[in-house]
Amino acid sequence: TADQFDFSQYDYVVDAIDTVKGKLELVMQAQATGTPIISCMGAGNKLDASALEVADIYDTSVCPLARVMRAELRKRGVKHLKVVYSKEPALTPIDDMTISCGTHCICPARHGPQMYPAPPGSRQQRLCARRRGVDHCG
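In terms of the working numbering, the sequence shown opens at residue 270 and continues consecutively.
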């Protein structure tokens, strides 16, 4: 369906596609028409919004999706692509029901009466609570 869109009518394209093939097609179409594009890289299992950065694809690190995209874009002769990515390492979902909310939560568990996954009232604790659907986390 990519050929059904007239990219020249758009001021900017934001790519939030989850597949490499789809991302590549959109990038190539936008660049062929000279339409500016920004591409979102992987953010799954990441909680820290402060780790998000805007950079050229060739200046990214840590992100596995960006690594694959860099290789594919090089093959296609693409010299630059503005992306949003995170340097935060992906967290591993917790499957142990004794320490997890049961929804493959990635929030760190409390391991003792005085230990919290994040300081009380902190942004990370609020993110954890939101993820678990509760008023508090820890």
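Heads up, the beta-carbon is just placed ideally off N, CA and C, and yes, glycines get one too.
Quantities reported herein were computed from a predicted structural model and do not represent experimental measurements.
Between the alpha carbons of Ser308 and Glu341 lies a distance of about 14 Å. Ranked by Cα distance from Thr361, the options Asp272, Ala312, Ala301, Lys351 are led by Ala312. Residue pairing of Asp284 in beta bridges, as defined by DSSP: Ser308. The region 320-333 and the region 279-289 do not touch, with fewer than three beta-carbon pairs separated by less than 8 Å. When the Cα atoms are used, Val337 and Leu321 turn out to be separated by approximately 19 Å.
Looking only at Asp275, Ala324, Ala271, Ser319, the smallest Cα-Cα distance to Lys351 is reached by Ala324.
Rounded to the nearest whole angstrom, the CA to CA distance from Gln300 to Val347 is 9 Å.
The continuous alpha helix (DSSP H) containing Ala335 extends over residues 333-344.
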